[in-house]
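Residue numbers (the working numbering): 39 to 432. Structure first, then comments.
See below:
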């Protein structure tokens, strides 16, 4: 008799987050306070560890990414990097404009979280203080300095190897500790919210936010391809339709890197020179984060309104400028961009650990849409690069 191999049921991060949210709501209806305090204690310890790891995460990802980008040479590299950063920044500002237009009339502030980030009723059994080794801004400056200084060093140099190995360490921490424990963390947050009586308002708000941001991401792609059509001289809607295989591949894989072959093939179909596409698509998969930054900016604005926090344009302009840097080479795991952005959110918007937890849940719910927007927009940038550098090679 042939032995049948048992297939392990593997749930992705999004299904686990959804299950955790549902269980958190149900548990909040039946859990006694003493049991809820157990998860409040876990969340306190997890938040402290998250605050500790965030500056190290920025250093571990940004420094090697800048060093790798700097290894290239030529005007096309500089042009593509600046174009990708400009596109990412403009997308973030577009996300702010959309949110500032629609969210104030859609979102009512709730009193779930106090000004100090602690819940009004539940208290943990104990707390553990884990001080970060350095602040977020220090991590960004250090990462830039280290990355730029090592950019021209030999890839086999000791410091380059140490940077690569440190990035692997951070990868293992995220994939082996933070990502597996995130559902428990989200469970505790939803449990807390249910006990406070505000969960229904928060979840309804989530649905509204997701609908607006999804529509905004589609409009963003149309705008990107309309601008690219001025250089490529083609029909932007036909070009966008050509990129749909890459869009839906990214929806399924939730990874820009895994979608590169499809993105490159469809980009060449638009008339971009193969050598240009072969350069821009892999590079933009790392540095072009328009969809992700649009989502993070709009989600952050929505949560600011939900929690009744004050905000202004200057605050979000600073956020967008830093996001374009902090999520460069975000880890190739679902939710990597938001994990790399938590420190920036705390630094620029004053987000508490509870605010960051809600950001994680909201972002993960739309993770695949942001990735799909990123990779599809890579083709639009490739068309612009092709206009300036491709014609000379024909």
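Don't be surprised by glycine CBs; every beta carbon is placed ideally from N, CA and C.
By Cβ distance below 6 Å, which residues in the same chain neighbour residue i in space, the five residues on each side in sequence not counted?
{"i": "residue 342", "result": "349"}
{"i": "residue 394", "result": "380"}
{"i": "residue 285", "result": "410, 414"}
{"i": "residue 318", "result": "118, 420, 423"}
{"i": "residue 377", "result": "none"}
{"i": "residue 204", "result": "98"}
{"i": "residue 262", "result": "415, 418"}
Start and end of the alpha helix (DSSP H) containing residue i?
{"i": "residue 229", "result": "217-234"}
{"i": "residue 274", "result": "274-280"}
{"i": "residue 410", "result": "405-427"}
{"i": "residue 173", "result": "Taken as a continuous stretch (DSSP letters only), residue 173 belongs to no alpha helix (DSSP H), as it is neither H nor E."}
{"i": "residue 3", "result": "The shown model of the chain, from 39 to 432, leaves out residue 3, and the question about it has no answer."}
{"i": "residue 391", "result": "391-402"}
{"i": "residue 201", "result": "196-211"}
{"i": "residue 161", "result": "Neither: residue 161 is in no alpha helix (DSSP H) and is coded neither H nor E."}
{"i": "residue 375", "result": "374-387"}
{"i": "residue 366", "result": "No alpha helix (DSSP H) contains residue 366, which DSSP labels as neither H nor E."}
{"i": "residue 268", "result": "237-270"}
{"i": "residue 317", "result": "312-325"}
Between residue i and residue j, what straight-line distance do the alpha-carbon atoms span, to the nearest angstrom?
{"i": "residue 264", "j": "residue 132", "result": "15 Å"}
{"i": "residue 185", "j": "residue 66", "result": "46 Å"}
{"i": "residue 346", "j": "residue 196", "result": "49 Å"}
{"i": "residue 426", "j": "residue 182", "result": "28 Å"}
{"i": "residue 389", "j": "residue 241", "result": "19 Å"}
{"i": "residue 309", "j": "residue 391", "result": "47 Å"}
{"i": "residue 145", "j": "residue 228", "result": "19 Å"}
{"i": "residue 178", "j": "residue 68", "result": "44 Å"}
{"i": "residue 147", "j": "residue 267", "result": "42 Å"}
{"i": "residue 59", "j": "residue 404", "result": "15 Å"}
{"i": "residue 412", "j": "residue 163", "result": "43 Å"}
{"i": "residue 253", "j": "residue 134", "result": "14 Å"}
{"i": "residue 158", "j": "residue 235", "result": "For residue 158, the predicted structure reports a pLDDT of 46, less than 50, and the residue's modelled location is therefore unreliable. The matter cannot be settled from this model."}
{"i": "residue 431", "j": "residue 62", "result": "Bear in mind that a pLDDT of 43 at residue 431, under 50, signals an unreliable position, so the number given afterwards is only what the model happens to contain. One C-alpha to the other measures close to 58 Å."}
{"i": "residue 406", "j": "residue 289", "result": "5 Å"}
{"i": "residue 192", "j": "residue 237", "result": "54 Å"}
{"i": "residue 351", "j": "residue 314", "result": "37 Å"}
{"i": "residue 221", "j": "residue 130", "result": "27 Å"}
{"i": "residue 402", "j": "residue 80", "result": "21 Å"}
{"i": "residue 190", "j": "residue 374", "result": "27 Å"}
{"i": "residue 245", "j": "residue 256", "result": "17 Å"}
{"i": "residue 307", "j": "residue 113", "result": "25 Å"}
{"i": "residue 281", "j": "residue 194", "result": "38 Å"}
{"i": "residue 275", "j": "residue 249", "result": "22 Å"}
{"i": "residue 210", "j": "residue 198", "result": "19 Å"}
{"i": "residue 428", "j": "residue 311", "result": "6 Å"}
{"i": "residue 215", "j": "residue 243", "result": "29 Å"}
{"i": "residue 84", "j": "residue 53", "result": "21 Å"}
{"i": "residue 64", "j": "residue 89", "result": "29 Å"}
Beta-carbon within less than 8 Å of residue i's beta-carbon, same chain only, minus the 5 sequence neighbours each way: which residues are those?
{"i": "residue 160", "result": "71, 74, 75, 78, 230, 233"}
{"i": "residue 154", "result": "Note that residue 154 scores 40 on pLDDT, short of 50, meaning its location in the model is unreliable; the coordinates nonetheless yield the value given after this. Counting only Cβ-Cβ distances below 8 Å, and skipping sequence neighbours, we find 390."}
{"i": "residue 142", "result": "343"}
{"i": "residue 207", "result": "98"}
{"i": "residue 385", "result": "173, 174, 175, 360"}
Look at the Cβ atom of residue i, then the Cβ atom of residue j, and state whether they are nearer than 8 Å.
{"i": "residue 387", "j": "residue 361", "result": "no"}
{"i": "residue 200", "j": "residue 363", "result": "no"}
{"i": "residue 224", "j": "residue 55", "result": "yes"}
{"i": "residue 287", "j": "residue 417", "result": "no"}
{"i": "residue 174", "j": "residue 382", "result": "yes"}
{"i": "residue 330", "j": "residue 226", "result": "no"}
{"i": "residue 278", "j": "residue 251", "result": "no"}
{"i": "residue 247", "j": "residue 396", "result": "no"}
{"i": "residue 327", "j": "residue 126", "result": "yes"}
{"i": "residue 94", "j": "residue 171", "result": "yes"}
{"i": "residue 294", "j": "residue 336", "result": "no"}
{"i": "residue 258", "j": "residue 332", "result": "yes"}
{"i": "residue 188", "j": "residue 105", "result": "yes"}
Once you ignore the five residues that flank residue i on each side, which residues in its own chain have a CB closer than 7 Å to its CB?
{"i": "residue 87", "result": "168"}
{"i": "residue 165", "result": "82"}
{"i": "residue 271", "result": "none"}
{"i": "residue 180", "result": "97"}
{"i": "residue 138", "result": "339"}
{"i": "residue 283", "result": "300, 304"}
{"i": "residue 128", "result": "none"}
{"i": "residue 202", "result": "102"}
{"i": "residue 298", "result": "319, 320, 323"}
{"i": "residue 136", "result": "250, 254, 336"}
Please check if any C-beta of chain C sits within less than 8 Å of the C-beta of residue i.
{"i": "residue 102", "result": "Note that chain C does not occur in the displayed structure, where there is just one protein chain."}
At 3 residues or longer, and completely inside the segment 332-362: list those beta strand (DSSP E) runs for me, N to C. Correct list: empty.
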